[in-house]
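S.K.:
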Amino acid sequence: MLLRSRLPLLLPALALAAAGAAFAPSVLAGGDGGGAASEGALPKGKDGAPLVVGKEVGKDIPDIQLSWVLNDDGRSTVADHRGEVVIVDLWATTCGPCRGLIPSFTKEQEEMGRKGLVIFGITGESKDVLSKFLATGNTAAIGYKMASGSSGGMQSPGTVPYCFVVAADGKVAWQGHGAPPSKLVEAELKKVKAPTAEEREARAAKVLARAEALAGERKVLQAVQLLDRIAKEHAGTEAAKTAAERSAVLARDSAAELAAQKALEKILGGIEYPKEKLSRKDRQARLVQIEALLKKQGEACPGMKEIAEYWAGVLKVD
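Counted from 1, the sequence shown has number 135 at position 136 by numbering that gives the first Met the number 0; the numbering is strictly sequential.
1. When you compare only the Cα positions, how much space is there between GLY99 and GLU83?
2. May I have a chain-ordered list of the alpha helix (DSSP H) segments no shorter than 4 residues that lie completely inside the region 207-246?
3. Looking at the secondary structure, which residues open and close the beta strand (DSSP E) in which THR122 lies?
4. Determine the direct distance from the alpha carbon of ILE306 to that of HIS176, and round the result to whole angstroms.
5. Once DSSP output is grouped into helix, strand and coil, what is the label at ALA146?
6. Rounding to the nearest angstrom, what Cα-Cα distance links ALA255 and LYS261 in this structure?
7. Given a threshold of 16 other Cβ atoms within 10 Å of its Cβ, counted over all protein chains shown, does GLU308 qualify as buried or as exposed?
8. Apply the 10 Å Cβ neighbour rule to ALA242 and answer buried if 16 or more other Cβ atoms are within range, or exposed otherwise.
9. Measuring CA to CA, which of GLY169, ARG113, VAL184 and LYS58 is closest to ILE229?
10. Quick one: residues in its chain with C-beta nearer than 7 angstroms to the C-beta of ALA48, no 5 flanking neighbours on either side, listed in chain order?
11. Do VAL248 and CYS162 come within 9 angstroms of each other at the CB atom, strictly closer than that value?
12. Here's a check: name, in chain order, each residue in its chain whose Cβ is nearer than 6 angstroms to the Cβ of GLY115, leaving out the five neighbours to either side.
13. Which term fits ASP71, buried or exposed, when burial requires 16 or more other beta carbons within 10 angstroms of its beta carbon?
14. What is the rounded straight-line gap between the Cα of LEU292 and the Cα of PHE132?
15. Would you mind giving the Cβ-Cβ distance between ILE60 and VAL165, rounded to the nearest angstrom? I have them listed as a contact below 8 angstroms.
16. Please report the Cβ distance between VAL171 and GLY57, rounded to the nearest whole angstrom; I am assuming they are in contact, meaning their Cβ atoms lie under 8 angstroms.
Structure (structure tokens):
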């Protein structure tokens, strides 16, 4: 479920026209990069080296100040991931092609995370706008970091999605519209040195601490998602074992809250832009269902209550 935002973005260089260029929905299948790349043939320069385009290429990653919303794993800056390959995706909740990349970016994070790939989705929209966008969608299907904030010197020249690839040495290796070329990302991943057992354990422990903090804040769904991610990406560590056990306990002890969240998602199923796409009758019917759900489970599930009340306001029949 997606929201339309009328709030100004913090990234003035981003022209958020949903009618911008159509980008391939498959991540790492080749972005345009200013004329660069398809999956089958990574363009070469005169010296035979891969051709990269962009004024930031070769420079150190600029400072990025972020306000975390989803999948904050305790390592909350791009600089925290030095030694790994980072894809920074500048996007917007109002951008169709941007939203289309979310499932594929999630898949790539899951499949290549253990090789040293980290994906950051950054929007200049307010934290409130991004939180509501995520809260009313299936956040369980988003497996990488999403945040609102300033991207520092990393800016799109016109439309989004616009991505940067940051190499293990902290320098920008590529920038361009759409997803980065897979061959370039794979080449950068080959340069990543495997972390030692001690480093893996330390990373996992830091993420586990973040998951416990989320659980303490009653953000149960986010906590469970992060715990499951630790169990997968840090398999073999003591922290991963602890995470798997903790996830099972939270899922059991918070069954009512998780059930309420699923019930609300079912009511909201298929909503994109409610005021424009739903009939008055449909909106009224969903309002009745939301009110019934709130009456039954709202007080026991404060997280779900906040989301439901927000959507009741959105769907309100004039």
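Even for Gly, the Cβ is constructed at its ideal location relative to N, Cα and C.
M.R.: The short version:
1. 25 angstroms
2. 219-232
3. 116-122
4. 33 angstroms
5. strand
6. 10 angstroms
7. exposed
8. buried
9. ARG113
10. Summary for ALA48: the model assigns pLDDT 44, below 50, so the residue's position carries little reliability, and this model does not support an answer.
11. no
12. GLU83, VAL84, LEU188 and VAL191
13. buried
14. 20 angstroms
15. 5 angstroms
16. 7 angstroms
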